[in-house]
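Novice: In this note's numbering, the protein residues as written are 28 to 164.
Glycine included, every Cβ here is placed at the ideal spot set by N, Cα and C.
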Amino acid sequence: ETGLWGPNIDFIIKDIPMCAGGSMCALKPAGTRVARSATALQAEATEAPRMSLALPYLKYPEQLDGWVGGEKGFDPMNITMALPVYWCREAELKHGRICMLATVGWIATDSGLRFAGDMFQNVSTVEAHNKMLDAGV
Numbered sequence: 028e029t030g031l032w033g034p035n036i037d038f039i040i041k042d043i044p045m046c047a048g049g050s051m052c053a054l055k056p057a058g059t060r061v062a063r064s065a066t067a068l069q070a071e072a073t074e075a076p077r078m079s080l081a082l083p084y085l086k087y088p089e090q091l092d093g094w095v096g097g098e099k100g101f102d103p104m105n106i107t108m109a110l111p112v113y114w115c116r117e118a119e120l121k122h123g124r125i126c127m128l129a130t131v132g133w134i135a136t137d138s139g140l141r142f143a144g145d146m147f148q149n150v151s152t153v154e155a156h157n158k159m160l161d162a163g164v
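1. From residue 112 to residue 129, what distance separates their C-alpha atoms?
2. May I have the straight-line CA-CA distance separating residue 138 from residue 122, to the nearest angstrom?
3. I need the straight-line Cα distance from residue 163 to residue 90, nearest angstrom please.
4. Is the beta carbon of residue 88 sitting closer than 8 angstroms to the one on residue 102?
5. Starting from the Cα of residue 104, find the closest Cα among 114, 119 and 85 and give me that residue.
6. The alpha helix (DSSP H) that contains residue 158, what's its start and end?
7. Quick check: the Cα distance between residue 146 and residue 125, rounded to an integer number of angstroms?
So, in structure tokens, the structure goes:
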């Protein structure tokens with residue numbers, strides 16, 4: 028049986044201690060009649076929380092409803108409970124772009140590209156930080 032993301036992953040979730048009782052995780056009820064009856068009674072007593080598709084053992088973060096990418100419910104640290112979603116998305120884009128620039132800079136330096144000036148010559152990427160501090164840059 029395949030789900031939204033592919034094959035069933037219940038075999039992974041069953042070993043997570045928090046999921047042992049079944050009330051914290053989005054697991055299928057066991058195949059026995061007793062387990063099905065107990066699960067049915069529990070469902071009648073309380074409505075089951077909506078579980079995240081990305082992390083089936085966590086509750087779905089309701090703040091992500093309506094946001095592109097939020098349909099999977101990936102917010103394992105519940106950051107969007109404390110910060111606005113638009114701010115988190117903007118920060119994620121900014122940090123991703125800085126990482127891309129840093130990667131290009133690292134590759135360019137290791138390829139031999141240097142700025143003009145004696146202090147920038149003959150410096151590896153590993154030594155660059157300390158050399159610039161020594162030069163007062």
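Specialist: Checking against the coordinates, here is how it stands:
1. For the purposes of this step, residue 112 is taken as residue 85 along the sequence shown, with counting starting at 1. For the purposes of this step, residue 129 is taken as residue 102 along the sequence shown, with counting starting at 1. So the two alpha carbons sit approximately 26 angstroms from each other.
2. Position 111 of the sequence shown holds residue 138. Position 95 of the sequence shown holds residue 122. Going from the Cα of residue 138 to the Cα of residue 122 covers about 24 angstroms.
3. Within the sequence shown, the letter at position 136 stands for residue 163. Within the sequence shown, the letter at position 63 stands for residue 90. For residue 163 and residue 90, the distance between alpha carbons rounds to 46 angstroms.
4. Reading the sequence shown from its first residue, position 61 is the one you call residue 88. Reading the sequence shown from its first residue, position 75 is the one you call residue 102. Yes, the Cβ-Cβ distance between residue 88 and residue 102 is below 8 angstroms.
5. As a working mapping, residue 104 is identified with position 77 in the sequence shown. Ranking the options by Cα distance to residue 104, first place goes to 85.
6. Reading the sequence shown from its first residue, position 131 is the one you call residue 158. Residue 158 -> alpha helix (DSSP H) spans 155-162.
7. Numbered from 1 along the sequence shown, position 119 holds the residue referred to as residue 146. Numbered from 1 along the sequence shown, position 98 holds the residue referred to as residue 125. Straight-line Cα distance between these residues: approximately 24 angstroms.
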